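In this note's numbering, the protein residues as written are -11 to 427. Notes follow the structure.
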Amino acid sequence: MSCGCKTSGDSSHSCGTKSANGCESVDTCGNSYKLSVFDWLSNINNPSQSQTDFVEVRFKNDRKFFYKNVNNLPLHMGSVITVDYSPGHDIGVVSLTGELVKIQMKKKNVSEENPLKIYRLANQKDIEVWQDARGKEEAVKIQARKIAIALNLEMKITDVEFQGDGAKVTFFYTAETRVDFRQLIKEFASLFRTKIDMKQIGFRQEAAKVGGIGSCGRELCCSTWLTDFRSVNTNAARYQQLSINPQKLAGQCGKLKCCLNYELDNYLDALSHFPSSSTTLDTEKGKAFCIKIDVFKKRMWFAYADHSMAWYDLDVDDVKKMIAKNKKGEKAQPLEDVKVLDAPVKSVDLIQENNMDRFERRGKSSGPNKNKRKPNNQQKPDNNSTGNQGDRRKRISEKPAGQAPDKQGDKPAQPNAKSPQQKPKNFKKKPQPKRDDNA
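Next comes the structure, spelled out in structure tokens:
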């Protein structure tokens, strides 16, 4: 049986959310779980005649285990089955079948002796009881947190998981110190009327169960694909030349991010070609010590002990040559002569971030008088008047003999340019009115 979306068992199908494209029965779907597995051997025929009887069964969140198919049931990814559990039975979903199960069992050191067994394919009654128990988990978690707060216990109840038949409920909690929860179990047993099991988990396991979005914008690795939680220390950040900032290096769980270990081997391989960061160079101008290292550019920054404000970037090969000279008892060249001379890179401000006038309109005419009309003092010459044409020919003929004629003969002469033979105009003075003394 499956969730009803008719695609359970298809590794390309995802019903992780209750959306239009997803499945309504998210809790029972064969593909709606964290740490999903892709069976890359599903389309390959098994060369050996013997097939494994073990299957991987998934329960709530990331809890998985291996069960033996003693009754040779036709199982596939997404099948809802009833399995052996102590006490009673539990309901799970098949997450992996075939030869990959052997690889997973070998990886997790699971023995094939005294295995747990698969009873049957879950019937309708088993699924109804299972879904009713899963529906009560959120309300039980809220009540359990209230009781823990009332008893002043320094613990946080992270998750609650009911067994498939409802015979037992497991409370997952986190705590920094040892917690005496004997009174708490009595309160839980009297309220929930079932067997109580308390299980302490770490903060990384809590993040894996709850899930979330990391600083990279993707889902947490621990809730999607990461199964083993390796220890992460601050040396991983130092090797990668990262600043020891707890706010940036910590994940959702409050511990150092697991992704700090992903590229650590590459950094260690690159740093193996670098001299030690505590190297001191004996130069002609004095001793110099290392300030910082650039792994990608393969450079090291040095500064003089007397003048530590000036930094000089040197290539790793040059630093090795200077160290070799010091070992021979010779002093190396000054840092100024060995430093790397980079060509200046001219930055182009495409978005004009530093330009204060980037929002101003840039037209042909700018300024406060751009909308003012220009005075039209010059009148257009009348083409029909013959007097103007005659005056124009007369002015051209009156030019001195040594002066070259204009290239454009039809262009009128400038009003400010006076010819030597042109007489100044005599303007008549306007008579002033007489003063009347009798007025």
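Yeah, the Cβ is synthetic: ideal placement off N, Cα and C, and Gly gets one too. If you're wondering where the values come from, they're calculated on a predicted model, not measured in any experiment.
Quiz item: Is Val71 closer than 8 Å to Gly80 when the C-beta atoms are compared?
Solution: yes
Quiz prompt | Asn102 versus Gln131, Asn60, Ser30, Tyr55, residue with shortest Cα-Cα distance | solution = Tyr55
Quiz item: How is the alpha helix (DSSP H) around Lys90 delimited, first residue to last?
Solution: 88 to 95
Practice problem: Pick helix, strand or coil for Ser219, following the three-state DSSP scheme. | Solution: coil
Self-check item: Paired residues, beta bridge with Leu208 - DSSP
Solution: In DSSP, Leu208 forms no bridge with anything.
Quiz item: With DSSP run on the structure shown, which of helix, strand or coil describes Ala238?
Solution: strand
Quiz item: Leaving out five residues before and five after Val326 in sequence, what residues of the same chain have Cβ atoms less than 6 Å from its Cβ?
Solution: Leu302, Asp306
Quiz item: Nearest CA to the CA of His261: which residue from Ile106, Glu149, Phe284?
Solution: Phe284
Quiz item: Whose C-beta lies closer than 8 Å to the C-beta of Asn57 among residues of the same chain, with five residues either side of it excluded?
Solution: Asp41, Phe42, Val43, Leu63, Ile106
Exercise. Spell out a yes or no on whether the region 230 to 241 and the region 177 to 196 are touching, meaning 3 or more CB-CB pairs, one atom from each, closer than 8 Å.
Key: yes
Quiz item: Looking at the unbroken alpha helix (DSSP H) that takes in Arg192, where does it start and where does it end?
Solution: 191 to 198
Quiz item: Nearest-angstrom Cα distance between Lys60 and Val25?
Solution: The amino acid at residue 60 is misidentified as Lys; the sequence shows Asn. C-alpha separation (whole angstroms): 22 Å.
Quiz item: What separation, rounded to the nearest whole angstrom, lies between the Cα atoms of Glu324 and Lys273?
Solution: 10 Å
Quiz item: Apart from the five residues just before and just after Ala298, which ones in its own chain have a Cβ nearer than 8 Å to its Cβ?
Solution: Ala291, Tyr292
Quiz item: Arg133 by DSSP, collapsed to three states: which one?
Solution: helix
Quiz item: Are the Cβ atoms of Leu256 and Val220 separated by less than 8 Å?
Solution: no
Practice problem: Report yes or no: do three or more beta-carbon pairs, one from the region 147 to 155 and one from the region 125 to 136, lie closer than 8 Å? | Solution: yes
Exercise. For Ser385, I'd like the list of residues in its chain whose CB is within less than 7 Å of its CB, leaving aside the five on either flank, ordered along the chain.
Key: With a pLDDT of 49 at Ser385, under the threshold of 50, the modelled position of this residue cannot be trusted, and the question is left open.
Practice problem: Please classify Gly76: is it buried, with 16 or more other beta-carbons within 10 angstroms of its beta-carbon, or exposed? | Solution: exposed
Quiz item: Within 10 angstroms of its Cβ, does Lys6 collect 16 or more other Cβ (buried), or is it exposed?
Solution: Because the pLDDT of Lys6 is 39, which lies under 50, any placement of that residue in the model is unreliable, and the number read from its coordinates should be weighed accordingly. Lys6 comes out exposed.
Practice problem: Classify Tyr250 as buried or exposed, calling it buried when 16 or more other Cβ atoms lie within 10 Å of its own Cβ. | Solution: exposed
Exercise. Could you tell me how far apart the beta carbons of Leu172 and Leu139 are, in whole angstroms, since I believe they sit closer than 8 Å?
Key: 6 Å
Quiz prompt | Asn111 versus Gly202: straight-line alpha-carbon distance, rounded | solution = 39 Å
Practice problem: Please name the residue or residues paired with Arg287 in a DSSP beta bridge. | Solution: Asp282, Asp303
Quiz item: With distances taken between CB atoms, is the gap from Asp270 to Ala320 smaller than 8 Å?
Solution: yes
Practice problem: Can you give me the start and stop residues for the beta strand (DSSP E) that Glu44 sits inside? | Solution: 42 to 46
Quiz prompt | Beta-carbon proximity list for Ala258, same chain, < 7 Å, skipping 5 on both sides | solution = Val283
Quiz prompt | Beta-carbon contacts of Lys187 that lie in its chain and below 8 Å, excluding the five residues immediately before and after | solution = Thr158, Phe159, Phe160, Tyr161
Exercise. Could you tell me if Lys94 is buried or exposed, where buried requires 16 or more neighbouring beta carbons within 10 angstroms of its beta carbon?
Key: exposed
Quiz item: Lys113 lies in the alpha helix (DSSP H); which residues open and close that run?
Solution: 112 to 123
Quiz item: Is the beta carbon of Val82 sitting closer than 8 Å to the one on Met65?
Solution: yes
Exercise. Would you tell me roughly how many angstroms separate the C-alpha atoms of Gln229 and Gln92, rounded to the nearest one?
Key: 36 Å
Exercise. Confirm, please, whether the CB-CB distance from Ala163 to Lys183 is below 8 Å.
Key: no
Exercise. Consult DSSP for Phe169 and reduce its assignment to one of helix, strand or coil.
Key: coil
Self-check item: Sequence-distant residues of its chain with Cβ nearer than 6 Å to Phe217 (five each side left out)
Solution: Arg192
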